[in-house]
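These protein sequence lines map, in sequence, to chains A and B.
The first sequence runs 1 to 302 under the working numbering.
The second sequence runs 1001 to 1302 under the working numbering.
Structure, as structure tokens:
Number of protein chains: 2
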Amino acid sequence: MKSGYRLGIDLGGTLVKLALVGPAGRVVSLKEVETVLNPRDLISRLKRAAEPWRLKGLRGTGVGVAGDVDPVKGAVRFAPNLKWKNVPIRSLLRKAGFPAPVHVENDATAAAWGAYHGELKKRTENLIVLTLGTGVGGGLVLDRRLYRGSTGTAGELGHITVDPGGPLCGCGNRGCLEAYLGGIHLVRWAKAEMLRRKRKAPADLTPFSLFQAARRGDPAARALWNRAGWALGIGLASLINIFNPDTILLTGGVAGAHPLFLPAARREIAKRAFLTPRRAVFLRVFPQSKNLGVIGAALLIP
Amino acid sequence: MKSGYRLGIDLGGTLVKLALVGPAGRVVSLKEVETVLNPRDLISRLKRAAEPWRLKGLRGTGVGVAGDVDPVKGAVRFAPNLKWKNVPIRSLLRKAGFPAPVHVENDATAAAWGAYHGELKKRTENLIVLTLGTGVGGGLVLDRRLYRGSTGTAGELGHITVDPGGPLCGCGNRGCLEAYLGGIHLVRWAKAEMLRRKRKAPADLTPFSLFQAARRGDPAARALWNRAGWALGIGLASLINIFNPDTILLTGGVAGAHPLFLPAARREIAKRAFLTPRRAVFLRVFPQSKNLGVIGAALLIP
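Next up, the structure:
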């Protein structure tokens, strides 16, 4: 007989989280492994890390991957952070002895599922999750069901156009939400701004150091977070008019800076979203430490 | 025993369509009545028009209203074209003897349901409908179910922000899709443009006359439709990244001008939408004559 325990894997560009997840979405054990780009080498590392959890008795393996995922084939079509193209991750994991069934999903979609079942305890009907990290991802739980779209790529909320003439995004488009709020873009903008002000940018600029600089009152850093909040507010107002959700959840490392960017975001939402759906929505922030992605990945297994 | 016939009502700002709709979404009989703003007077008119259809035997009444609708209460919260605020349309229709149950829905949401069941014969899983008329409405069929959101106002696709500094929309926001593509805004832009070019605008300017002018090669009219297509393409690219739909359907009077605005829209989609969802979507145009709204309203009755 199968246990109520599942294996969750959250596959990011720098770190992989593995978790043994109990029946109610409780993390029983959590490990982190550094990402290596070769899929076979990576899977051997994951196998060594997960081995002590007695894989045979588990209900299955859920994997969240930052990128374009085909959940039907269980393959990664394209994951820019991992430099992966057409990697049949499900069959590789199966061959390595990971417990079946193996379900593969976009990482932010998995995080939305984790938030729905875990932290939010199913007390939401229509949930939008934005994962704010190096990039900006999104996941959708609509009418209490995970929404994946026609080829599994729904919820690319970081790639809503916020301003058609805005800064260039990694995807090739201009003015995506991610081009204002993604960690990599925050740092890029700050460097350009310091150059413009004829100041030397420190080599170790990160979203966190930019958060601290703004806290200390640095005007360029404050302008940066205001601009990020402005773009977020425009994107969220569109999402509120489109989805009429009851909950919008911000998570991921950059979400920790919410005291600096949410005021500007709220101003744009008040200006741009319709009254009825605006009144119906709660905007919440969960810290990254909640492990929504790895929990959600595990809970993809029925 | 109840028959398989339903009554559909599509309540617009200038005209009301009524239809007797058969089992497979076939329109058996169709009538049009001019809109009057007083709800009681309007309902008396509708009653007189529908009376010959022997209302008693029908399965129920479905109503689509252009505006903010509460489907649970069966009330119109706000319908700017009708100048209605908090009108309990369901109970008014019931008191007037319209067949129960009465279901009230946003008109574009009803149109999406009509397209799904009627013209598209359920050969779609994830469908986005844009109704292009005086304003721009939207309806969503996701995973083969009508998506209404948390308070029934989902799908306000005309009020996605396309350009945050763009023209003022009727909703008070700047740069909404509707502010570029809504009939009322097309005419307004054309008048302003003619003034700028020191030409006198004809009094009877309509989206159709602007369509004809562009067909004749008028440069201002051509610029107008290009700009509308540009805005539509930005909005659709965001919707493709958000929903990963298999079908996007444009309908309504202004959709008839598609040969003039779709090329620019397709260019923006190619620039801004992700490859996988872009390849998965079909963009279709249905003429207004398909009566999607009134059919969909009727088919809201189970």
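Where a beta carbon is used, it is the ideal one built from N, C-alpha and C, also for glycine.
Taking the alpha-carbon positions, what's the residue i to residue j distance?
i	j	result
Leu-1236(B)	Ile-1269(B)	7 Å
Ala-228(A)	Tyr-180(A)	5 Å
Tyr-116(A)	Arg-199(A)	45 Å
Leu-250(A)	Leu-130(A)	5 Å
Val-294(A)	Gly-1060(B)	47 Å
Ile-1242(B)	Asp-1041(B)	42 Å
Pro-23(A)	Tyr-5(A)	6 Å
Val-1141(B)	Gly-8(A)	31 Å
Leu-1018(B)	Gly-1296(B)	12 Å
Thr-1206(B)	Trp-1189(B)	11 Å
Gly-1062(B)	Arg-272(A)	31 Å
Leu-132(A)	Arg-148(A)	19 Å
Gly-1138(B)	Leu-239(A)	13 Å
Arg-1267(B)	Asn-126(A)	32 Å
Pro-1219(B)	Arg-1197(B)	11 Å
Leu-1232(B)	Val-1162(B)	8 Å
Phe-1211(B)	Arg-1048(B)	37 Å
Pro-39(A)	Leu-186(A)	30 Å
Using a C-beta to C-beta distance shorter than 8 Å, which residues of chain A count as neighbours of residue i?
i	result
Ala-1221(B)	Under the 8 Å cutoff, chain A gives no residues; its nearest Cβ is about 22 Å from Ala-1221(B).
Ala-1264(B)	Within chain A, no residue comes near Ala-1264(B); the closest Cβ sits about 12 Å away, beyond 8 Å.
Chain B partners of residue i, CB-CB under 8 Å?
i	result
Tyr-180(A)	What Tyr-180(A) touches in chain B: nothing, since even the nearest Cβ is about 11 Å away.
Nearest CA to the CA of residue i: which residue from the options?
i	options	result
Thr-1276(B)	Leu-58(A), Ile-295(A), Leu-127(A) and Thr-153(A)	Thr-153(A)
Trp-53(A)	Leu-20(A), Arg-77(A) and Val-33(A)	Leu-20(A)
Ala-102(A)	Gly-13(A), Arg-145(A), Asn-291(A) and Asp-70(A)	Sequence inspection shows Val at residue 102(A); the Ala mentioned does not correspond to that position. It is Asp-70(A) whose Cα lies nearest to the Cα of Val-102(A).
Leu-92(A)	Asn-106(A), Ala-297(A), Asp-107(A) and Lys-73(A)	Lys-73(A)
Pro-1245(B)	Asn-1081(B), Arg-1144(B) and Ala-1265(B)	Arg-1144(B)
Thr-1109(B)	Val-1136(B), Arg-1174(B) and Arg-1266(B)	Val-1136(B)
Lys-1121(B)	Thr-1247(B), Phe-1261(B) and His-1258(B)	Thr-1247(B)
Ile-43(A)	Ser-29(A), Asp-10(A), Gly-57(A) and Lys-56(A)	Asp-10(A)
Arg-26(A)	Glu-119(A), Leu-186(A) and Pro-99(A)	Glu-119(A)
Ser-1150(B)	Leu-37(A), Pro-302(A), Gly-158(A) and Arg-123(A)	Arg-123(A)
Gly-1253(B)	Gly-1182(B), His-1159(B) and Leu-1262(B)	Gly-1182(B)
Ala-1079(B)	His-1159(B), Trp-1230(B) and Gly-1012(B)	Gly-1012(B)
7 Å is my cut-off, CB to CB: does residue i come that close to chain B?
i	result
Phe-243(A)	yes
Ala-270(A)	no
Ile-234(A)	yes
Asp-68(A)	yes
Thr-134(A)	no
Pro-277(A)	yes
Met-1(A)	Here the model assigns Met-1(A) a pLDDT of 48, short of 50, so the residue's position is not dependable, and the following value carries that caveat. Output row for Met-1(A): interface = no.
Thr-153(A)	yes
Using a beta-carbon distance below 7 Å, is residue i in contact with chain A?
i	result
Asn-1173(B)	yes
Asn-1126(B)	yes
Asp-1163(B)	yes
Asp-1041(B)	no
Gly-1149(B)	yes
Glu-1156(B)	yes
Asp-1246(B)	yes
Can you list the residues of chain A that residue i reaches, using a CB-CB cut of under 7 Å?
i	result
Glu-1119(B)	What Glu-1119(B) touches in chain A: nothing, since even the nearest Cβ is about 19 Å away.
Arg-1077(B)	Thr-276
Leu-1142(B)	Leu-142 and Tyr-147
Quick one: list the residues of chain B neighbouring residue i, beta-carbon separation under 7 Å, in chain order.
i	result
His-159(A)	Asn-1241 and Phe-1274
Ala-237(A)	Thr-1161
Note down, in chain order, every chain B residue with its Cβ under 9 Å from the Cβ of residue i.
i	result
Ala-280(A)	Gly-1149, Ser-1150, Thr-1151 and Thr-1153
Give a yes or no on whether 7 Å exceeds the smallest Cβ distance from residue i to chain C.
i	result
Gly-1256(B)	The structure shown has no chain C; the protein chains it does contain are A and B.
Exercise. Mind pulling the beta strand (DSSP E) runs of 3 or more residues that sit fully within the region 133–206 of chain A?
Worked result: Qualifying beta strand (DSSP E) stretches, in chain order: 136–142.
Exercise. Which full runs of the beta strand (DSSP E) of 3+ residues lie inside the region 214–278 of chain A, going along the chain?
Worked result: 247–251
Problem set entry | Segments of 3+ residues assigned as beta strand (DSSP E) that fall wholly inside the region 7–71 of chain A | 15–21, 27–34, 61–65 and 68–70
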